[in-house]
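In my numbering, the protein residues as written are 76 to 197. Where a beta carbon is used, it is the ideal one built from N, C-alpha and C, also for glycine.
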């Protein structure tokens, strides 16, 4: 499950802390600082890596899009599962973030972003 930053409920909310409240642990930067109307799903750094064997028998790291939730998922049936921000940044938490998280300033558009729902699910 994706986890957001813990902000004390005893502190008074201000207009400027809304982006920090929307940021998930594992994002490369503060949510909402990227292009207007974009999400992490549309970024080329959002996904998962897996190790596959090449023709020489060596294991090679390969980028793979995340799988989808099943039809019987309680909250988000058919939507993409949480994935990682693969932007290499020192001391960044490796936590999965949802596809609907607002993009950050390191947003780079993906050549073929994963659709939210497939044709059979929509």
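Using CA atoms only, rank isn't needed, just tell me which of the options is closest to residue i.
{"i": "residue 97", "options": "178, 116, 184 and 111", "result": "178"}
{"i": "residue 121", "options": "159, 189, 164 and 163", "result": "159"}
{"i": "residue 126", "options": "111, 139, 87 and 164", "result": "139"}
{"i": "residue 115", "options": "186, 192, 187 and 172", "result": "172"}
{"i": "residue 123", "options": "190, 176 and 155", "result": "155"}
{"i": "residue 187", "options": "163, 119 and 164", "result": "119"}
{"i": "residue 164", "options": "180, 107, 150 and 151", "result": "180"}
{"i": "residue 79", "options": "88, 141, 89 and 94", "result": "94"}
Residue i to residue j, Cα distance in whole Å?
{"i": "residue 153", "j": "residue 131", "result": "37 angstroms"}
{"i": "residue 102", "j": "residue 182", "result": "11 angstroms"}
{"i": "residue 157", "j": "residue 136", "result": "19 angstroms"}
{"i": "residue 109", "j": "residue 145", "result": "30 angstroms"}
{"i": "residue 189", "j": "residue 168", "result": "24 angstroms"}
{"i": "residue 111", "j": "residue 161", "result": "21 angstroms"}
{"i": "residue 170", "j": "residue 105", "result": "15 angstroms"}
{"i": "residue 197", "j": "residue 184", "result": "Any reading at residue 197 must be qualified, since the residue scores a pLDDT of 48, below 50, and its modelled position is unreliable; no value is offered."}
{"i": "residue 91", "j": "residue 107", "result": "12 angstroms"}
{"i": "residue 151", "j": "residue 88", "result": "29 angstroms"}
Is it buried or exposed for residue i, if we count other Cβ within 10 angstroms and need 16 for buried?
{"i": "residue 85", "result": "exposed"}
{"i": "residue 134", "result": "exposed"}
{"i": "residue 174", "result": "buried"}
{"i": "residue 176", "result": "buried"}
Mapping DSSP to helix, strand and coil, what is residue i?
{"i": "residue 91", "result": "helix"}
{"i": "residue 180", "result": "coil"}
{"i": "residue 79", "result": "strand"}
{"i": "residue 175", "result": "coil"}
{"i": "residue 96", "result": "helix"}
{"i": "residue 116", "result": "helix"}
{"i": "residue 126", "result": "strand"}
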